[in-house]
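So the sequences go chain by chain: A and B. In this text, residue positions in the first sequence follow the numbering used here: the first is 1, and each later residue adds one. In this text, residue positions in the second sequence follow the numbering used here: the first is 1001, and each later residue adds one. Beta carbons: idealized from backbone N, C-alpha and C, even for Gly. Heads up: the structure comes next, in structure tokens.
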Amino acid sequence: MQNHPLPRPSIFLRPASGLVKAVGLWDVFIYNVGLISLGIGVAYTQRYGPAYYSAGSIVVATLLSAGIMALVTLGFWAWTITIPRSGGIYVFLTRAGFPAFGFALSFVECISWLFYVAIAAKLVTTVAIIPLVALIFGSSNSILKWLSGSPAQLIIGTTTIVFAAWLLITGTRAYIKIQRLVFIFALVGTFALLFVLIGGDAQATFQANFNTAYSYFGSEPYSRVLDQARSLGWNTSAYSFKETVSLLVWPFLPLIGCAFSIGIGGEVRNTKRNQLIGMLGSLFFSAFGFIVIAILGDKAIGTSFQGAIAFNYDHASLVSNPATTAFEPYFPYLAGLATNSNILRILISLGFLCWVWFWIPGVLAFTERAFLAWALDRAAPAPLGTLHSRFGTPYVAVITGAIIAETFLILILFTQYFATLVFILAATVAWCITLAFGTAFPLIRHRLFSRSPIAGRKIAGIQLMTLFCFLGACALAAVIYLLWNDSLAAGHSRKSVIAVGITFTAGFVFHLLLRVYRRHQGVDLSQAYKEIPVE
Amino acid sequence: MRFFFATDIHGSETCFRKFLRASEFYGVDALFLGGDYTSKSLIACVRSNGGWRTRLGTDVLEMRTLSDFLQFKADSINRGNLVIELAPDDFEIFRENTEVQQQLFDQAQREQLKRWAAMAADQLTGKGIKIYHIPGNDEPLYCDQFFNEFPFVPVDRRHIKIDENLACLGFGGSNRTPWKTHREYEEIEIEELIGASFCEQLKDIPLIFVGHVPPFKSGLDSAPELRSDLSYRLALGCPARVPTGSIAVREAIQRLQPVVALFGHVHESRGQVRIGKTICVNPGSGYHACRLQGCVVTIRNDRVSIQFTEG
């Protein structure tokens, strides 16, 4: 008997509400690219890499961090297709039966990302606005002096955070309209940057403009920068793989954004394919962008020069005539000097502004989702999940996130409590523990795992989820080791340990106390996510 | 009183079984079912070469043994799909004729509803647990023939006493949707129907309102904006969200001020909001993943507490 042909799907769909196409591959890709932020990645890597890891290669470091992040991504891909829900690690761990860890690690993750919202709010001024003012109005003026101070950065940073929160509260439409515009300007600015750096006369233009702007350094200002850095102890040794490995923590920070689509996992169609390609695609696309800009930046400005001028800036108090800028010498400023066109300078700074800004409401929205999930489960006070009576948005969650970010902004600007990447240390520990749970999940929650689309997939007899989560956890453990031993990035100073320790402890303690309180109210928290047996 | 509310299970066998077990699992006095409990899709498996074949999307599935077929059928039913098997000749007719498709769908749906009614009676008899329910906009009109006997208590367009201290008013169906489903009404109709259902004699008894479509712009009705081909309107990976609820339902809640109002319809808008003194909830739906989303509502001395659950 012949097989009956089935040229069309043999499924009949009757008119019924809700049959819509969901988030697809390109949407996951663009969502994650936006949350990686080319601007933050380039700014930080080019600012700190050549200065403090001068024997390291940014290109190789970026490739290494992309490789590490790819392993982490595979681990979270396994999680998100097994538990295809929106809400990130909180949902994964609570629904997998580890509620205390679910809340505590989600708490750590949210605090960490809100810290970086504050960092980004500061970078709006230092990475975008200051370079633009300096390029257009000269490298020394009263506006620049004001912008370089903490009060100005607090005002601008606060305005940024408040505006982002307002956008989220007023609803998705306003948010999407603004973000769409911002994304276009970010791309235009990036193309302008590439256009300038690729230009055959970029190097000559940069040196000529720098020498003119900083003629008060004496003759050959460009060379003076390099000479002074060496005299201050800036390391100029030959290529070192060890230093390259140390450097990778800086491109790692932005690339971590490629996995943020786990936060919208419940909305993605064909999760297995779209999340995998979307996440890895955004990762490699962005890493490629970082590498291209690093190579072109070296050609036009000189990687050594970038290192020297940043090193001089950080050690300016040690010399009477510091050969550096009066403000942090971020990449947009230096790249702007490689052209004489004010339009291109404006576009470059605007591009960086847009990339940095893009991150802020995106991450606020990520944490808002987590807060809402906690509140609905009653793992956090119910008012946290209150919806706005007019806009229908979880405004209390948004405002809470904004207040936390604002608090961090004040602490960052007016205290020395935090090393730059200390909360990346906290976040990577949280993610590492989540992936460690993922390693064991197929074994200890076999019944739940059996429903996963990858339940039957093995490599060398090992469940795919176990393998990917194990590799991802190991990759993150390596990053944690690097961060722990890097006093510039994070380190294990008393302040760093206290900051991370308090965050973890607070998460667990809060969960336990709330559990007791809810029990007193007659509410069993575990019922929020315990599966009802069918038989 | 303590009860469990779930909605929009869309034919998922697993979700319905969990719903019946919920009374014991959560220790509640009653169950409320918020509509859209029928299936949306029918999968036809053609008998072929001693086995069965079907095509889902671009994948052709071959089931060579009876146990493979039964496993596939069980998995599909658990996720809300109805499954039928057809001889090759019948399949030819099925493929080309939408009327036949609809007939076979309705037949399979009626069988499921009959089976569910028997299951519910079997499990809840002797426990005194009732299931107060309304239809959603997706329920064909023939569904009114089912779920009328114990333990089911239909409350659509009815205002009844539940006990000495609580009454219940229900309204099934929705305002207009792009899918032109079975139970859609203009806002003015909704207003009139709710008004006509209200019983003056029960007006002093605290009220539980069971609706399907949520109030307009409540946050419980925030759904992805659609294009004309019913795909999401997206920008930068994010679906734009628009309020899709009913103005008439919102006005009814503002006027009646029930103790608690239960809604469904918009699967993505899980949450809780106050309209005046009324706590309105939408537990959302995860039926396609066999996940029973619901909420346990406790009403004690006119105070309401809500615990969202995912069984």
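**Alpha-carbon to alpha-carbon, residue 27 of chain A and residue 1225 of chain B** = Taking the second sequence and counting its residues from 1, the one referred to as residue 1225 of chain B is at position 225. Taking the first sequence and counting its residues from 1, the one referred to as residue 27 of chain A is at position 27. Distance between the alpha carbons of residue 1225 of chain B and residue 27 of chain A: 15 angstroms.
**Request:** Give the residues from the stretch 34-52 of chain A that approach chain B closer than 8 angstroms (Cβ to any Cβ), ordered along the chain.
**Result:** 34
**Asked** Looking at C-alpha atoms only, which residue of B:1071, B:1305 and B:1244 is the closest neighbour of residue 1218 of chain B?
**Response** Along the second sequence, one-based indexing puts residue 1218 of chain B at 218. Nearest C-alpha to residue 1218 of chain B: B:1244.
**Min CB distance residue 1273 of chain B to chain A below 8 angstroms** = Here the question's residue 1273 of chain B lines up with position 273 in the second sequence. It does; some Cβ of chain A falls within 8 angstroms.
**Prompt:** Just curious, the beta strand (DSSP E) that residue 1048 of chain B is in, first and last residue?
**Reply:** In the second sequence, the residue the question calls residue 1048 of chain B occupies position 48. Segment 1041-1048, the beta strand (DSSP E) holding residue 1048 of chain B.
**DSSP beta-bridge partners of residue 1161 of chain B** = Here residue 1161 of chain B refers to the residue found at position 161 of the second sequence. B:1167.
**Message:** Using only the alpha-carbon positions, how far apart do residue 70 of chain A and residue 190 of chain A sit?
**Reply:** By one-based count along the first sequence, residue 70 of chain A stands at place 70. By one-based count along the first sequence, residue 190 of chain A stands at place 190. Near 24 angstroms, if we compare the C-alpha coordinates of residue 190 of chain A and residue 70 of chain A.
**Request:** Identify which residue in B:1273, B:1287 and B:1068 has its Cα closest to the Cα of residue 1305 of chain B.
**Result:** Taking the second sequence and counting its residues from 1, one reaches residue 1305 of chain B at position 305. Checking every option, the nearest Cα to that of residue 1305 of chain B belongs to B:1273.
**residue 355 of chain A, DSSP secondary structure in three states** = Counted from its first residue, the first sequence places residue 355 of chain A at position 355. Correct three-state label for residue 355 of chain A: helix.
**Prompt:** Which residues, in chain order, does the stretch 1186-1218 of chain B contribute to contact with chain A at a C-beta distance below 7 angstroms?
**Reply:** 1217 and 1218
**Message:** Can you confirm whether residue 1228 of chain B, when its beta carbon is compared against all beta carbons of chain A, has any partner nearer than 8 angstroms?
**Reply:** For this step, residue 1228 of chain B is matched to residue 228 along the second sequence. No, no contact with chain A.
**Message:** Less than 8 angstroms between C-beta atoms, sequence neighbours within five positions excluded: which residues of the same chain meet that for residue 243 of chain A?
**Reply:** Against the first sequence, residue 243 of chain A aligns to sequence position 243. Contacts found: 53, 54, 55 and 56.
**Prompt:** Roughly how many angstroms separate the alpha carbons of residue 531 of chain A and residue 1135 of chain B, rounded to a whole number?
**Reply:** Position 531 of the first sequence, counting from 1, holds the residue named residue 531 of chain A. Position 135 of the second sequence, counting from 1, holds the residue named residue 1135 of chain B. C-alpha separation (whole angstroms): 26 angstroms.
**Asked** Does the Cβ of residue 354 of chain A have 16 or more other Cβ atoms within 10 Å, making it buried, or fewer, making it exposed?
**Response** For the purposes of this step, residue 354 of chain A is identified with residue 354 of the first sequence, where counting begins at 1. By the 10 Å Cβ count, residue 354 of chain A comes out buried.
**Request:** Go through its chain and collect everything with a Cβ distance to residue 2 of chain A's Cβ below 7 angstroms, but skip five positions before and after it.
**Result:** Counting from 1 along the first sequence, the entry for residue 2 of chain A is found at position 2. Unreliable placement is indicated for residue 2 of chain A, whose pLDDT of 42 sits below 50; no coordinate value is reported for it.
**Asked** When DSSP labels each residue in this structure, what does residue 1054 of chain B get in the three-state scheme?
**Response** Residue 1054 of chain B sits at position 54 when you count from the first residue of the second sequence. In this structure, residue 1054 of chain B counts as strand in the three-state DSSP scheme.
**Prompt:** Can you list the residues of chain B that residue 447 of chain A reaches, using a CB-CB cut of under 9 angstroms?
**Reply:** Position 447 of the first sequence, counting from 1, holds the residue named residue 447 of chain A. Ordered by position in chain B, no residue passes the 9 angstroms Cβ test against residue 447 of chain A, which lies about 12 angstroms from the chain.
**Asked** Any C-beta of chain A sitting closer than 8 angstroms to the C-beta of residue 1146 of chain B?
**Response** Taking the first residue of the second sequence as 1, we reach residue 1146 of chain B at position 146. By this cut-off, residue 1146 of chain B is not an interface position.
**Request:** Quick one: which residues of the stretch 482-515 of chain A get their C-beta closer than 9 angstroms to a C-beta of chain B? List them in chain order.
**Result:** none
**Request:** Taking 8 angstroms as the cut-off, decide whether the C-beta atoms of residue 178 of chain A and residue 187 of chain A are in contact.
**Result:** Within the first sequence, the letter at position 178 stands for residue 178 of chain A. Within the first sequence, the letter at position 187 stands for residue 187 of chain A. No; because the gap between Cβ atoms is not below 8 angstroms, this pair is not in contact.
**Asked** Could you give the distance in angstroms between the alpha-carbon of residue 312 of chain A and the alpha-carbon of residue 281 of chain A?
**Response** The residue labelled residue 312 of chain A in the question sits at position 312 within the first sequence. The residue labelled residue 281 of chain A in the question sits at position 281 within the first sequence. C-alpha separation (whole angstroms): 37 angstroms.
**Asked** Is the number of C-beta pairs between the stretch 295-305 of chain A and the stretch 102-116 of chain A that are closer than 8 angstroms three or more?
**Response** no
**Asked** Who are the Cβ neighbours of residue 497 of chain A in its own chain at under 8 angstroms, not counting the five residues just before and after it?
**Response** As a position in the first sequence, residue 497 of chain A is number 497, starting the count at 1. Counting only Cβ-Cβ distances below 8 angstroms, and skipping sequence neighbours, we find nothing.
**Request:** Would you mind telling me which residues of chain B sit closer than 8 angstroms to residue 385 of chain A, beta carbon to beta carbon, in chain order?
**Result:** In the first sequence, counting from the first residue as 1, residue 385 of chain A sits at position 385. Under the 8 angstroms cutoff, chain B gives 1271 and 1272.
**Prompt:** Does the distance from the CB of residue 1269 of chain B to the CB of residue 1174 of chain B come in under 8 angstroms?
**Reply:** Counting from 1 along the second sequence, the entry for residue 1269 of chain B is found at position 269. Counting from 1 along the second sequence, the entry for residue 1174 of chain B is found at position 174. Not closer than 8 angstroms, so no.
**Listed by chain order, chain E residues near residue 531 of chain A by CB distance under 7 angstroms** = In summary, chain E is missing from the structure at hand, where the protein chains are A and B.
**Prompt:** What span of residues does the alpha helix (DSSP H) with residue 115 of chain A cover, start to end?
**Reply:** As a working note, residue 115 of chain A is residue 115 in the first sequence. Per DSSP, residue 115 of chain A belongs to the alpha helix (DSSP H) from 99-123.
**Asked** For residue 1155 of chain B, which of helix, strand or coil comes out of DSSP?
**Response** On the second sequence, position 155 is the one that residue 1155 of chain B refers to. Correct three-state label for residue 1155 of chain B: coil.
**Asked** Using the C-alpha atoms, what's the distance from residue 1282 of chain B back to residue 1295 of chain B?
**Response** As a position in the second sequence, residue 1295 of chain B is number 295, starting the count at 1. As a position in the second sequence, residue 1282 of chain B is number 282, starting the count at 1. One C-alpha to the other measures close to 8 angstroms.
**Asked** Can you tell me whether residue 234 of chain A is buried or exposed, with buried defined as 16 or more other CB within 10 angstroms of its CB?
**Response** Within the first sequence, the letter at position 234 stands for residue 234 of chain A. Classification for residue 234 of chain A: buried.
**Item:** Through-space distance from residue 115 of chain A to residue 1116 of chain B, alpha-carbon basis
**Value:** Residue 1116 of chain B sits at position 116 when you count from the first residue of the second sequence. Residue 115 of chain A sits at position 115 when you count from the first residue of the first sequence. One C-alpha to the other measures close to 51 angstroms.
**Message:** Within the continuous beta strand (DSSP E) that includes residue 1081 of chain B, where are the two ends?
**Reply:** Along the second sequence, one-based indexing puts residue 1081 of chain B at 81. Its beta strand (DSSP E) spans residues 1081-1086.
**Request:** Give the residues from the stretch 1018-1041 of chain B that approach chain A closer than 7 angstroms (Cβ to any Cβ), ordered along the chain.
**Result:** 1018, 1021, 1022, 1025, 1026, 1040 and 1041
**Request:** Look at residue 1214 of chain B and residue 1263 of chain B and say whether their C-beta atoms are less than 8 angstroms apart.
**Result:** Here residue 1214 of chain B refers to the residue found at position 214 when the second sequence is read from its first residue. Here residue 1263 of chain B refers to the residue found at position 263 when the second sequence is read from its first residue. The answer is yes: Cβ separation under 8 angstroms.
**Message:** DSSP three-state label for residue 32 of chain A, please.
**Reply:** For the purposes of this step, residue 32 of chain A is taken as the residue at position 32 of the first sequence. Three-state DSSP puts residue 32 of chain A in a helix.
**Item:** Beta carbon proximity, residue 298 of chain A to chain B, threshold 8 angstroms
**Value:** Working through the first sequence from its first residue, we reach residue 298 of chain A at position 298. No, residue 298 of chain A lies away from the interface with chain B (no Cβ there is under 8 angstroms from its Cβ).
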